[in-house]
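K.L.:
Protein sequences appear in the order of chains A and B.
Using this note's numbering, read the first sequence as starting at 1300 and increasing by one per residue.
Using this note's numbering, read the second sequence as starting at 214 and increasing by one per residue.
Positions of the beta carbon are idealized from the N, C-alpha and C atoms, including for glycine.
Here the structure is a predicted model, which is why all the values come from computation and not from measurement.
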Amino acid sequence: MSLSINLTVNGAPQDITIQDARVTLLDLLRERMALPGTKKGCDRGQCGACTVLLNGKRVNSCLTLAATLNGAEVTTVEGLAKGDSLHPVQTAFIENDGFQCGYCTSGQIMSAVGLIAEGQAGDDPERIREGMSGNICRCAAYHGITKAVQEATRAMSDTHTGDVK
Amino acid sequence: MKTFDFAQPTTVDEALAAWEPGSAWLGGGTNLVDLMKIGAMAPDKLIDIKRLTGLDQIETLADGSTRIGAMVSNADLANNPDILRRFPMMAEALLSGASGQLRNAATVSGNLMQRTRCAYFQDANAACNKRSPAQGCDAIGGVDDTAAILGWSNQCIATNPSDFCVSLAALEAVIEVQGSSGKRDIAFADFHLLPEDTPERETALQAGELIVALRLPTEAGDFAGNSRYLKVRNRTSFAFATSSAAAAMQIKDGTITKARLALGAVAAKPWRLAKAEALLIGQAPDPALFAQAAEAALAGASSSNDNDWKIELARRTATRALALAAAGTPARMPALPASPFVDQGDSLNA
C-alpha cells in the first residue's frame, strides 16, 4: 500500500508518503523527520516518553498510527521554543530540577504543556501529580517535576492576564 | 506486528461496506495497536472509524435521554460540564482510568471493546482459550491479580478491565449498533458475555456490526447527588482496578428510593447486583445495611486462582462505595478520582 498524508509538524505543513500502515507517529517523527526529541521508552503507552501534542492535545505517539493523521497538527518538544526563547514549561523544568538523566523529559514537558492547556489541575500539586501520572520518571524527579508544572502554570496564567509577577 | 490492509471511510455506510472477515475497527488505537504490537491481536485489515461523520457528538434527545457518539474521547466525555453535573459517577470512573494522554485518544466505543488485561492473554507464549480457542488456559493455576471471582468458567477466568463500563452497567446504558442489516439497540447488561465454553466471544456484537453511540436513559440523571465510583488498585493512579464498585442512590426524606450497584474487575463483564439493590430500597442509609448488601452481592463468588482474598476485597469495596454514595457526590471531582486514600472532598449535601 501507499498512502499520502498531509501533516503539519511544529508549524510546517508537509506531504508524506506512507508505504506501510504499521508506522507509528513516534517512528515517523524519529526515523523519517529527523525529530529525535520525542523518545521511545516502552513503545506501549505506559511510560509517556513519546508524548506529543496532536491537534493541541497530549497523546502517546507510540500508539498513534501515522496513516490516520491526514490533516493533523503535531507539536513535538522541538517546536516549543521560539528561537532562543524557551517555552515557560521548559524554563520551569530547568529552574526546578525537573529531571535527572533526561530521557523522560521531553515527554514530561509535552505532557505538562497539554495538562496546563486542559486547565483541570491548576497549581494544586495533588491534581498535577494525578494529571502527570502517564509519565514515568525512573530517576524519580517527581518532586521537581511537580514544582516545575506548578511554576509554569502560574507563569503562563500571569502572562495570559497581563499581571505583573 | 503483522502487516494489514488499511481503510479510511468517511461515513458509517462506507465503513460497514469496507468490513470483511478478519477486519478490526480502529478508534483511538490505545488498546488495539498495543495488542497488535505484542501479537495478541493480528487483524488482516484495520478500518479507521475516527473520521466517520456524526459520531463525535454529545446531545440531549427529546425524551430527556443523553446520546454519546461512539468516537467521543474519554477525556472530552469526562470533562463535559453537563456530563459532570448529571452523571458524576460516570465521569469519576472515566477519570480514574488510564492516563491523561490515553484518555485524550481513547474513545467511548473503544472503551467498551477493550480486551482483558489478563497477563496470560497478553503473553503470546501462554495458552489462552480467548486468544486461541481450545488452546487451554494458563491463567488457571497461574498468578494474576486480575483473575475473576464471579461468572468464570473452566475455560477462562479473565476479567473485563474497564472502569467506564462499570458505571454504564449501573446507569443502565443502551448501546446503539449498526450493521449491514440495519440498526439495533443492545441493553448494557446484555452487551458483554460470560466466558462459558466460548471465551473468544466477548460481546453481543455480530460480525461486521459497529457501535455508533451510547444512550443514558433520563433516569440515569436521578443519581447525580448520591453516586460514587471507588477503585482499589496497586498504585493510586494509572493502574487497572483490582476491585472497583459503582454505587448510586436516590435518597428522599432519609429513605433510599432508588439504588444501583455494580462491581468491576471481578468478572468478564461489569457485575450488576440487583439483589443487593433490592435490599437497599426503602431503607435508611446505614453502614450495617451497606455491609448486608455487599454480603449479598458477593454471595455467589468463588476463587478461580488462589484469589480468595479478592472476594473479601470486593465485599469491602462495595460496602465502602455505598457509604461514599450515601454521603453525597463531592461538589468538585476529587483530586484523585475514585481513590480510597484521600479526603473525598465536600459533599453536595453537606
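Using a Cβ cut-off of 8 Å, pull out every chain B residue sitting near residue 1357/A, in sequence order please.
P.N.:
313, 314 and 317
K.L.:
Based on the DSSP output, what are the partners of residue 280/B in its beta bridges?
P.N.:
DSSP lists 272/B and 428/B as partners of residue 280/B.
K.L.:
Anyone know if the C-beta pair for residue 315/B and residue 1406/A falls short of 8 Å?
P.N.:
no
K.L.:
Does the Cβ of residue 465/B have 16 or more other Cβ atoms within 10 Å, making it buried, or fewer, making it exposed?
P.N.:
Result: exposed.
K.L.:
Determine the direct distance from the alpha carbon of residue 1327/A to that of residue 1376/A, and round the result to whole angstroms.
P.N.:
15 Å
K.L.:
Give a yes or no on whether the minimum CB-CB distance between residue 247/B and chain A is below 8 Å.
P.N.:
yes
K.L.:
Shorter than 8 Å from the beta carbon of residue 559/B to some beta carbon of chain A?
P.N.:
At residue 559/B the pLDDT is 45, less than 50, meaning the model places this residue with poor confidence; the figure from the coordinates comes in the next sentence. Closer than 8 Å: no.
K.L.:
Given 8 Å as the limit, is there contact between the region 1364–1371 of chain A and the region 1300–1310 of chain A, that is, 3 or more CB pairs closer than that?
P.N.:
Two segments are said to touch when three or more pairs of C-beta atoms, one from each, lie closer than 8 Å; by this definition the region 1364–1371 of chain A touches the region 1300–1310 of chain A.
K.L.:
By the three-class DSSP mapping on this structure, what secondary structure does residue 1315/A have?
P.N.:
strand
K.L.:
Where in the region 446–530 of chain B do unbroken runs of the beta strand (DSSP E), each at least 3 residues long, occur, reported from the N-terminal end onward?
P.N.:
454–465 and 468–477
K.L.:
Are at least three pairs of beta-carbons, each pair with one atom in the region 543–557 of chain B and one in the region 287–305 of chain B, less than 8 Å apart?
P.N.:
yes
K.L.:
Sort 279/B, 428/B, 238/B and 450/B by Cα distance to residue 260/B and report the nearest one.
P.N.:
238/B
K.L.:
When the distance is taken between beta carbons, is residue 424/B closer than 8 Å to residue 572/B?
P.N.:
Look at the range of chain B in this structure, 214 to 563, and you will see that residue 572/B is not part of it.
K.L.:
Would residue 517/B and residue 361/B be called neighbours here (beta carbons separated by less than 8 Å)?
P.N.:
yes
K.L.:
Are residue 542/B and residue 439/B closer than 8 Å when you measure CB to CB?
P.N.:
Going by C-beta atoms, residue 542/B is nearer than 8 Å to residue 439/B.
K.L.:
I'd like to know whether the C-beta of residue 1364/A is nearer than 8 Å to at least one C-beta of chain B.
P.N.:
yes
K.L.:
Does the distance from the C-beta atom of residue 416/B to that of residue 404/B stay below 8 Å?
P.N.:
yes
K.L.:
Locate the alpha helix (DSSP H) running through residue 334/B, then write down its first and last residues.
P.N.:
332–335
K.L.:
Just verifying my parser: in three-state terms, what is the DSSP assignment at residue 1339/A?
P.N.:
coil
K.L.:
Pick from 1357/A, 1411/A, 1312/A and 1373/A: whose alpha carbon is nearest that of residue 1389/A?
P.N.:
1411/A
K.L.:
Which bits of chain A does residue 217/B rub up against, with CB to CB less than 9 Å?
P.N.:
Within chain A, the residues near residue 217/B are 1320 and 1321.
K.L.:
For residue 1454/A, collect the residues of the same chain with a Cβ closer than 6 Å to its Cβ; drop the 5 residues on either side in sequence, then sort them by chain order.
P.N.:
1387
K.L.:
Rank 364/B, 473/B, 435/B and 449/B by C-alpha distance to the C-alpha of residue 298/B and give the top, closest one.
P.N.:
Considering only alpha carbons, the answer is 435/B.
K.L.:
Please give me, in chain order, every unbroken run of the beta strand (DSSP E) with length at least 3 that falls completely inside the region 330–386 of chain B.
P.N.:
none
K.L.:
Verify the contact flag: residue 339/B, CB atom, against every heavy atom of the ligand ATP, threshold strictly below 7 Å.
P.N.:
The ligand ATP is absent from the structure shown, which contains no ligands of any kind.
K.L.:
Just to confirm, is the Cβ distance from residue 1431/A to residue 1415/A under 8 Å?
P.N.:
no
K.L.:
Measure the alpha-carbon distance for residue 1315/A versus residue 1331/A and round it to whole angstroms.
P.N.:
9 Å
K.L.:
For residue 456/B and residue 526/B, which I take to be in contact (beta-carbon distance under 8 Å), what is that distance rounded to the nearest angstrom?
P.N.:
About 5 Å separates the two Cβ atoms, so the contact holds.
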